[in-house]
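All remarks here apply to the structure that follows.
Protein chains: 4
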Amino acid sequence: MGAQGKRVPRAVREQQMLDAAVATFARRGYRAASMDEIAEAAGVSKPLVYLYLHSKDDLFTACIRREAAALKAAVRAAVELDGPADRQLWSGLLGFFEHTAAHPDGWTVLYSQARTVGEPFADEVAAMRAEIVEFVRGLIAAAARDADCDDGDLAEREVAALAHALVGAAESLAGRALGGTAASSGRENAATLMNFAWSGLANLMDGRPWTPSR
Amino acid sequence: MGAQGKRVPRAVREQQMLDAAVATFARRGYRAASMDEIAEAAGVSKPLVYLYLHSKDDLFTACIRREAAALKAAVRAAVELDGPADRQLWSGLLGFFEHTAAHPDGWTVLYSQARTVGEPFADEVAAMRAEIVEFVRGLIAAAARDADCDDGDLAEREVAALAHALVGAAESLAGRALGGTAASSGRENAATLMNFAWSGLANLMDGRPWTPSR
Amino acid sequence: MGAQGKRVPRAVREQQMLDAAVATFARRGYRAASMDEIAEAAGVSKPLVYLYLHSKDDLFTACIRREAAALKAAVRAAVELDGPADRQLWSGLLGFFEHTAAHPDGWTVLYSQARTVGEPFADEVAAMRAEIVEFVRGLIAAAARDADCDDGDLAEREVAALAHALVGAAESLAGRALGGTAASSGRENAATLMNFAWSGLANLMDGRPWTPSR
Amino acid sequence: MGAQGKRVPRAVREQQMLDAAVATFARRGYRAASMDEIAEAAGVSKPLVYLYLHSKDDLFTACIRREAAALKAAVRAAVELDGPADRQLWSGLLGFFEHTAAHPDGWTVLYSQARTVGEPFADEVAAMRAEIVEFVRGLIAAAARDADCDDGDLAEREVAALAHALVGAAESLAGRALGGTAASSGRENAATLMNFAWSGLANLMDGRPWTPSR
DNA sequence: CATGAATGAGAATTCATTCAT
DNA sequence: TATGAATGAATTCTCATTCAT
Chain P
1 MGAQGKRVPR AVREQQMLDA AVATFARRGY RAASMDEIAE AAGVSKPLVY
51 LYLHSKDDLF TACIRREAAA LKAAVRAAVE LDGPADRQLW SGLLGFFEHT
101 AAHPDGWTVL YSQARTVGEP FADEVAAMRA EIVEFVRGLI AAAARDADCD
151 DGDLAEREVA ALAHALVGAA ESLAGRALGG TAASSGRENA ATLMNFAWSG
201 LANLMDGRPW TPSR
Chain L
1 MGAQGKRVPR AVREQQMLDA AVATFARRGY RAASMDEIAE AAGVSKPLVY
51 LYLHSKDDLF TACIRREAAA LKAAVRAAVE LDGPADRQLW SGLLGFFEHT
101 AAHPDGWTVL YSQARTVGEP FADEVAAMRA EIVEFVRGLI AAAARDADCD
151 DGDLAEREVA ALAHALVGAA ESLAGRALGG TAASSGRENA ATLMNFAWSG
201 LANLMDGRPW TPSR
Chain U
1 MGAQGKRVPR AVREQQMLDA AVATFARRGY RAASMDEIAE AAGVSKPLVY
51 LYLHSKDDLF TACIRREAAA LKAAVRAAVE LDGPADRQLW SGLLGFFEHT
101 AAHPDGWTVL YSQARTVGEP FADEVAAMRA EIVEFVRGLI AAAARDADCD
151 DGDLAEREVA ALAHALVGAA ESLAGRALGG TAASSGRENA ATLMNFAWSG
201 LANLMDGRPW TPSR
Chain V
1 MGAQGKRVPR AVREQQMLDA AVATFARRGY RAASMDEIAE AAGVSKPLVY
51 LYLHSKDDLF TACIRREAAA LKAAVRAAVE LDGPADRQLW SGLLGFFEHT
101 AAHPDGWTVL YSQARTVGEP FADEVAAMRA EIVEFVRGLI AAAARDADCD
151 DGDLAEREVA ALAHALVGAA ESLAGRALGG TAASSGRENA ATLMNFAWSG
201 LANLMDGRPW TPSR
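Quick mapping for you: the protein sequence lines, in order, are chains P, L, U and V. UniProt numbering puts the first residue of the first sequence at 1, with every later residue one more than the last. UniProt numbering puts the first residue of the second sequence at 1, with every later residue one more than the last. UniProt numbering puts the first residue of the third sequence at 1, with every later residue one more than the last. UniProt numbering puts the first residue of the fourth sequence at 1, with every later residue one more than the last.
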């Protein structure tokens with residue numbers, strides 16, 4: 001039924017299947033997406049999907065792994081390693097927003113679907129997220145060192161919180177961007193976050209955080 | 001089999017059912033939760049659930065509406081309307097974090113489940129979210145006016161972005177708090193965000209945002 | 001589709017389902033029998049079968065248990081407990097052959113199907129068989145004591161072998177009777193076996209077994 | 001993946017396939033055994049199995065025929081044709097028990113699986129069985145003639161029954177031997193049956209069978 | 001107010017079998 | 001001689017939903 005010719009080598013077919021699966025999972029969610037639907041979208045029969053990907057769970061896991069790897073690769077590739085720390089963070093954020101904008105289905109699967117389905121999948125995504133948070137934390141810490149040599153370890157805990165909040169905010173903005181509502185560009189989103197992060201960082205380093213004390 | 005006595009008035013039964021449904025939807029997700037499971041958790045027979053709540057969709061909608069209303073009410077009740085703007089924002093955030101921590105299932109249903117199931121439900125949640133974003137935006141704008149009379153409308157667009165990012169970050173932190181990983185208290189989370197918001201706001205008002213230009 | 005009226009109480013429906021299942025398993029074998037087929041034969045829809053009997057495995061187990069219980073009950077009821085040992089054995093064999101002839105499907109399920117499907121089911125049948133063998137062994141031993149007081153324990157091992165062979169031969173004859181080939185009556189079969197058993201027993205007691213020594 | 005080299009002559013490959021099929025059918029049953037499993041066990045690809053053996057049914061039939069032929073050959077070869085009738089029967093039984101013990105999978109396929117799958121296969125086995133029964137009947141009749149010239153045809157019917165019971169008991173004992181429970185040797189089993197058969201025969205010839213008349 | 005009995009529709013998964021090379 | 005690629009047709013099992021009482 002698909003337009004593809006027959007007799008395609010396995011590696012190629014597998015990618016076609018993963019493409020179809022990512023699109024379908026993104027649109028319908030893990031549970032609502034049926035293997036029939038995915039097979040049809042891939043232009044193959046259901047048994048072939050099972051022959052190559054073994055089960056719905058395995059298929060979903062393969063999707064998550066592929067998309068997570070692609071996202072991580074995109075971010076790493078985007079970072080300008082030889083610039084100053086703020087420049088590195090900026091380029092990483094830009095890479096993140098551009099990749100998620102270019103692969104909305106992948107992002108949806110990772111962020112919206114995989115996290116809500118439960119144990120085995122959520123863990124996979126949590127691991128990827130932890131990697132990214134750590135990466136960002138390193139950049140922020142480096143930036144702090146660049147700007148202010150002494151007092152670096154004082155902010156240890158705050159730097160971690162900042163990294164977490166930054167990643168959370170980035171995810172949130174990426175989600176908004178896909179929502180179609182506000183077609184905010186990747187540059188805009190990245191700039192917003194830099195403002196966030198950099199000023200928060202400055203306050204922290206200056207030792208004058210906002211407090212509820214009044 | 002239910003432990004409840006028979007002949008319970010309708011209003012009470014409905015709340016029991018909604019309680020059971022929220023807990024079940026939170027634990028298993030919309031699709032994976034079965035009406036059997038929910039009826040059993042509520043201690044009633046399935047036909048009674050249908051008699052009162054009509055269908056799975058309607059039941060889920062009722063859950064979303066109830067939890068959204070409760071969250072909005074909690075936030076509004078927490079805001080100290082007569083204080084300065086930063087104090088208002090602080091108290092609202094605190095209310096938000098305390099309510100979501102006290103009602104993790106409700107938060108999960110709203111944030112994780114309802115958004116991923118698709119059209120009719122996601123819209124409902126989006127509307128609630130929009131209300132909250134608007135509320136926050138108002139507070140930030142007021143704070144800006146408090147601090148700096150002129151030049152207010154210049155930042156119009158940035159203020160909206162800031163509100164969005166703030167809400168996104170709050171959601172992200174609330175999600176983390178439920179994850180059990182970092183048992184960050186509501187106070188901590190609220191403080192982190194105030195730092196974020198206030199310093200970002202200060203930069204914006206001072207007209208010196210971070211830019212990638214270097 | 002079945003001719004039965006609707007709204008039948010659960011206990012009754014369950015028996016109807018077991019009847020249909022026994023007949024179907026007997027005719028087609030465990031694997032080849034489909035739940036669709038069984039449901040149709042029972043005059044109900046498939047989901048009802050699952051609601052009451054939970055799974056194909058459980059259904060088969062229920063069949064085995066019911067038929068095994070019925071067979072054991074029939075044999076025990078047939079034995080004339082107050083007669084001499086040979087009379088008891090005779091009446092038990094007669095009961096066995098009459099029950100298996102009257103319930104050919106049950107016998108087929110127990111004997112042909114359950115034993116070939118593997119672990120969980122075969123064990124169930126093996127247990128029933130062991131009970132019957134032990135029962136027969138007791139009768140033979142009693143008969144030996146009746147006839148000849150001394151030397152009883154010498155034959156211990158041979159008596160067990162005899163009991164086993166007798167049950168095996170009985171099963172074999174019961175199988176033949178169902179095959180439709182030789183419509184041998186229960187009386188004939190029982191008599192054949194009594195001849196077997198009694199003369200073998202006599203030889204054993206006389207201490208002159210056949211030996212290959214020449 | 002198979003360890004065999006390529007380009008094996010057809011006759012050899014066929015035997016490899018039949019070996020694998022017999023083992024697989026014995027372990028899993030006809031329905032539960034899959035062609036994939038068999039092909040893998042044989043170390044060849046599935047299309048090759050189809051090329052040589054045409055279909056699952058044909059493959060099973062080929063298994064039955066091969067194993068039946070082997071069993072019959074083993075029994076015939078074991079019989080000492082020039083001895084007295086009881087010696088012939090003894091040696092035949094010994095051959096039977098030794099062959100089935102040496103080829104448990106073949107015996108399982110013939111006895112447990114083929115008989116329960118239904119029509120086309122059961123007939124094949126029934127035919128083999130009939131041959132063996134007839135062979136045994138001949139031996140018993142000859143033995144009767146040896147011992148007692150007159151009155152031979154009186155027992156005609158009983159001799160047939162005796163042959164049937166003997167074969168049935170032999171099958172039962174062979175089955176037990178595979179069960180692993182009682183590691184009864186072939187000699188023991190053969191001796192048990194000779195005792196059975198010979199004494200039953202003696203009683204019949206003496207015209208004093210056991211009767212329920214008392 | 002409340003439920004035991006029942007089902008149509010669809011889900012994941014497996015299997016025997018074939019083609020093109 | 002031998003196989004990687006591919007599928008139509010079941011099969012087991014679940015679920016939202018309704019009726020008669």
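We treat Cβ as the ideally placed atom computed from N, Cα and C, and that holds for glycine. Note that the structure is a prediction, hence the values are computed from the model and not measured.
Check                                                                                                                                     : Outcome
His-99(L) - DSSP class collapsed to helix/strand/coil                                                                                     : helix
Buried or exposed by the 16-neighbour rule on C-beta atoms within 10 Å, applied to Gly-83(U)                                              : exposed
Coarse secondary structure for Gly-175(P), derived from DSSP in three states                                                              : helix
Arg-115(V) versus Lys-72(U) - alpha carbon distance                                                                                       : 25 Å
Residues that Val-133(L) contacts on chain P, provided the C-beta gap is smaller than 8 Å                                                 : What Val-133(L) touches in chain P: nothing, since even the nearest Cβ is about 10 Å away.
Pick from Ala-163(V), Glu-124(V), Ala-174(V) that is closest to Ala-62(V), judged by C-alpha positions                                    : Glu-124(V)
Identity of the residue in Ala-177(L), Arg-137(L), Arg-176(L), Ala-165(L) nearest Ala-197(P) by Cα                                        : Ala-165(L)
Inter-stretch contact at 8 Å, needing at least 3 Cβ pairs: the stretch 90–103 of chain V / the stretch 52–62 of chain V                   : no
Three or more C-beta pairs below 8 Å linking the stretch 31–44 of chain L and the stretch 27–36 of chain P                                : yes
Ala-163(V) versus Arg-137(V) - alpha carbon distance                                                                                      : 5 Å
Residues from the stretch 106–118 of chain U in contact with chain V, defined by Cβ distance under 8 Å                                    : Ser-112, Gln-113, Arg-115, Thr-116, Val-117, Gly-118
Member of Ala-143(U), Arg-7(U), Ala-127(U), Leu-89(U) whose CA lies at the smallest distance from the CA of Ala-68(U)                     : Ala-127(U)
Alpha carbon of Arg-214(V) to alpha carbon of Val-133(V), nearest angstrom                                                                : At Arg-214(V), the pLDDT of 44 sits below 50, so the modelled position is not reliable and the matter cannot be decided from this model.
Assumed close pair Arg-187(L), Leu-89(L) - CB separation to whole angstroms, cut-off 8 Å                                                  : No, Arg-187(L) and Leu-89(L) are not in contact; Cβ-Cβ is about 14 Å, not under 8 Å.
For Leu-81(P), the three-state DSSP class (helix, strand or coil)                                                                         : coil
is_contact[Gly-168(U), chain V] using C-beta, thresh 8 Å                                                                                  : yes
heavy atom of the ligand ADP below 7 Å from Glu-124(P) C-beta                                                                             : No copy of the ligand ADP occurs in the structure displayed, which carries no ligand at all.
Tyr-30(P) (DSSP reduced to helix, strand or coil)                                                                                         : coil
Arg-7(L), buried or exposed, once every other Cβ within 10 Å from all chains shown has been counted against 16                            : exposed
Within chain V, the residues that Ser-172(U) reaches when beta carbons sit closer than 8 Å                                                : His-164, Ala-165, Val-167, Gly-168, Ala-169, Glu-171, Ser-172
Chain-ordered neighbours of Gly-29(P) on chain L, where CB pairs are closer than 9 Å                                                      : Gly-29, Tyr-30, Arg-31, Thr-116, Val-117, Gly-118
Contacts around residue 243(U), its chain only, beta-carbon distance under 6 Å, and the 5 residues preceding and following it disregarded : Nothing can be reported for residue 243(U), as the shown portion of chain U is limited to 1 through 214.
Contact belief for Phe-97(U) with Ala-190(U) at Cβ below 8 Å, rounded distance in angstroms                                               : 6 Å
Limits of the alpha helix (DSSP H) - the one that Thr-116(P) falls within                                                                 : 114–117
Contact with chain P by Phe-97(L), beta-carbon distance below 8 Å                                                                         : no
8 Å Cβ cutoff, Ala-161(V) in contact with chain U                                                                                         : yes
Among Thr-24(L), Asp-58(L), Ala-143(L), nearest to Asp-86(L) - alpha-carbon criterion                                                     : Ala-143(L)
Short CB-CB distance (under 8 Å) between Arg-199(V) and chain U                                                                           : The sequence given here places Ser at residue 199(V); Arg does not occur at that position. Yes, its Cβ sits closer than 8 Å to a Cβ of chain U.
Test: Thr-192(P) CB closer than 8 Å to a CB of chain L                                                                                    : yes
Opening and closing residue of the alpha helix (DSSP H) in which Tyr-111(U) lies                                                          : From DSSP, Tyr-111(U) is part of no alpha helix (DSSP H); its letter is neither H nor E.
Proximity test, Cβ basis, 8 Å: Arg-137(L) and chain P                                                                                     : no
Cβ-based burial, Glu-119(U) [other Cβ within 10 Å; buried from 16]                                                                        : exposed
First and last residue of the uninterrupted alpha helix (DSSP H) at Lys-46(L)                                                             : 46–53
Below-8 Å beta-carbon distance, Phe-121(U) vs any chain V residue                                                                         : no
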